[in-house]
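Chains as they are written, first to last, in the numbering used here: chain A, 156 to 540; chain B, 19 to 478.
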């Protein structure tokens, strides 16, 4: 197994479970399950035991590995600088081994099958990928400066579609030269990779790279931080040469255009850092720069923010597999309580998965009258309450 | 066994009990070198009442119970020596009360040190508790019950001395309150009542399960500083500690002796941390410290290390995350740790014995001490790094640990959080009537012998 040489170096000290303030548990799977086995240290020790044949492959072992939300809190807070960067890589390597053994949970297998057969995890026809753009006049990519890449949740999930429309409308309003692939777009594969199917990921990545090359794409702007991460950090390994941006990077360029920004109501907003923009790519300031520039917004911080942000629980494939599951101690619900605690009217997000996870959590917490989830583009468009 | 499993599920809910090989593997060991002992079940109660029901079930079925905090002692105390149920207490992590006037906090026993630290910083910034140098996941309950010490131990002594009271479930299932909380709504003190807290402190979970803990809080001063006195002569260290601690200005005094970097090998570095309300007070305290050891400075035997202000934070970090990193010096994920409680005057012997044992066993070491009270005693520690992937290296560290425990006893100290062989060493030297009394107390409290059996026993 890749990275097996670091497994025995874990001291199970537990810094990986916490934010830098030590306030509370910051590892979504440990927060939910509370057995040590579901913590990063637990996974390190179990993987070693598994390779040493002290424990066997089992559905429970697979559940433990697949409950990791890949949020990167462990990488951020592990106190061992010489191997911390590879903690998450080791967990993904463990998943890859399970894939090779055919021992993955059924729901993960279904996910891979759906990608293979339908091209998306929603098992919907690929022709419907442009459904989100109906009626708003978004141009198909020909030779514009930017390709706006939407991804699966933005294309097929109702909440993601709403966010995609807001982003596209805003880019148009700011007169950005961009186009979309529409029906021709394909899955970016980030979750495929993190779920341990590196072979399928390579196929998806290379197909996308080839398609972009043929179309002469030089700059890609993504709706989702997950796609941003894959295209920025993984695609270059397969020859990608285009520049990659998250949509907030483009929006930030227009924040000095006061006449385009509206805000009649004074409103308290707290921002949730998406793991793939924040911890995985170290951008904590672009979204805040935008929010601070929008009139009428008072930006307040939750205790756990930036590198300490508590993941929504939708990462690591859990958005689709739901292995982490719901319940009062699910990280999305804990996060909603945290946002309410700071008195926010709006929980601002910059990721379609976070948007969906938190809207569900607000319903589960029965707090729909108290707080709303809004994407940054929706906030700029003044679609606030 | 299936029936017990179902009973446990009824008590805590399906989600919080496991008999799966994965959990049984992980909870059979800690980060040290002791051999694994497998539990049959791991259970995570969420309330005192659930703990009570677990204990009653264990009594009825005569199943051993081992309570566990964060399992960070490194001496295997949370291993279930005779199997049975491991009770992971970390779901009981609510902070129940902070009293600003009488300076105490009441928490559930599974509350982590880090959680209380963060809570006080946010909600009661003028107060702090004594943070041990264990990682922040260490539980308040676990640390108190093993006679822990920490960053305010020069001021307040062992953490057991900072205990105001507790709630515990007895081995027979009764819930008891100890200290003022047994009489009053305030958890302010153990005095003036007969002090029953001793029934639970230092017993390695053999007399019951603590479920709530009240601890003393201390002022968190706006100005904090550190002075590090460096010297080479180990024989003079007791006197230097006596002088520095005698000024009664320190919150924390620790001595660190480490072979790396090489140039610092043989140095005795005595760190003195103190807080102040004003610059004037800070200067006065610094002057008092310097005055106390001026003889050594004048004789050029030692002196205070110059430190830039931005470097000081690293030395004052609580807990000191740097200490944990020692586990990776051999790229091996572990160090074994002997803490021994000793009188200050045996410091030179303790230091030399540690070096001798480390050299003889070929282990990478770090040693040091935390001073308890105004130099009333110290917790002298020896840490031996090992490579977990190398069984021979693990054995070497284990041997060094055993030799160190024996050496600590020989020079008049007592191993802290002693694992079973060290407990045996202590029992061999203990006044027989004391040990008999311990046995009678256990027999009275735990007639079925279910509480963490195998600890504090004469081997049969």
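Every residue, glycine too, gets a C-beta built ideally from N, C-alpha and C. As the structure is a computational prediction, the values presented were derived from the model and not from experiment.
Closer than 8 Å to chain B by CB, residue i
i: residue 169/A; result: yes
i: residue 259/A; result: no
i: residue 179/A; result: yes
i: residue 279/A; result: no
i: residue 176/A; result: yes
i: residue 157/A; result: no
i: residue 378/A; result: no
Reduced DSSP category for residue i - H, G, I as helix; E, B as strand; rest coil
i: residue 38/B; result: coil
i: residue 241/B; result: strand
i: residue 287/B; result: strand
i: residue 156/A; result: coil
i: residue 436/A; result: coil
i: residue 130/B; result: strand
i: residue 235/A; result: coil
i: residue 62/B; result: coil
i: residue 246/B; result: strand
i: residue 528/A; result: strand
i: residue 17/B; result: Lying before the first or after the last residue shown, residue 17/B is absent from chain B, which here runs from 19 to 478.
Cβ neighbour criterion (16 or more within 10 Å) applied to residue i
i: residue 240/A; result: exposed
i: residue 201/B; result: exposed
i: residue 272/A; result: exposed
i: residue 469/B; result: buried
i: residue 376/A; result: buried
i: residue 540/A; result: Residue placement at residue 540/A is flagged as unreliable, the pLDDT there being 44, under the threshold of 50; the coordinate-derived value follows with that caveat. Residue 540/A should be labelled exposed.
i: residue 287/A; result: buried
i: residue 455/B; result: exposed
Segment limits, alpha helix (DSSP H) that includes residue i
i: residue 355/A; result: 353-370
i: residue 367/B; result: 365-379
i: residue 67/B; result: 66-79
i: residue 157/B; result: Careful: residue 157/B lies outside any alpha helix (DSSP H) and carries neither H nor E.
i: residue 217/A; result: 214-221
i: residue 311/B; result: Taken as a continuous stretch (DSSP letters only), residue 311/B belongs to no alpha helix (DSSP H), as it is neither H nor E.
Contact with chain A by residue i, beta-carbon distance below 8 Å
i: residue 62/B; result: yes
i: residue 153/B; result: yes
i: residue 109/B; result: yes
i: residue 49/B; result: yes
i: residue 88/B; result: yes
i: residue 186/B; result: no
i: residue 345/B; result: yes
Continuous beta strand (DSSP E) stretch holding residue i: start and end
i: residue 275/B; result: 270-275
i: residue 86/B; result: 83-86
i: residue 374/A; result: 374-377
i: residue 358/B; result: 351-360
i: residue 444/A; result: Run containing residue 444/A: none in the beta strand (DSSP E); it sits in the alpha helix (DSSP H), 441-448.
i: residue 398/A; result: 398-401
Interface partners of residue i on chain A, CB under 7 Å
i: residue 40/B; result: 192, 201, 210, 215, 216 and 219
i: residue 294/B; result: Here the premise fails: no neighbours, minimum Cβ distance about 24 Å.
i: residue 132/B; result: 173 and 177
Partners in chain A for residue i, counting only beta-carbon separations shorter than 8 Å
i: residue 144/B; result: None at all; the shortest Cβ gap to chain A is about 18 Å.
i: residue 34/B; result: 189
i: residue 85/B; result: Going along chain A, no residue has its Cβ under 8 Å from residue 85/B, so there is no contact; the nearest lies around 15 Å.
i: residue 441/B; result: The premise fails here: residue 441/B is roughly 24 Å from chain A at the closest Cβ pair, so nothing lies under 8 Å.
i: residue 135/B; result: 177
Cross-chain neighbours of residue i in chain A, by beta carbon under 9 Å
i: residue 342/B; result: 166, 168, 170, 234 and 235
i: residue 413/B; result: Correct list: empty, because the minimum Cβ distance to chain A is about 15 Å.
i: residue 339/B; result: 168, 170 and 234
Interface residues of chain B facing residue i [CB-CB closer than 8 Å]
i: residue 464/A; result: Correct list: empty, because the minimum Cβ distance to chain B is about 16 Å.
Partners in chain B for residue i, counting only beta-carbon separations shorter than 7 Å
i: residue 163/A; result: 350, 351, 406 and 407
i: residue 204/A; result: 43
i: residue 197/A; result: 44
Closer than 7 Å: residue i CB and nearest the ligand GDP heavy atom
i: residue 259/B; result: Looking for the ligand GDP in the displayed structure turns up nothing, as the structure carries no ligands at all.
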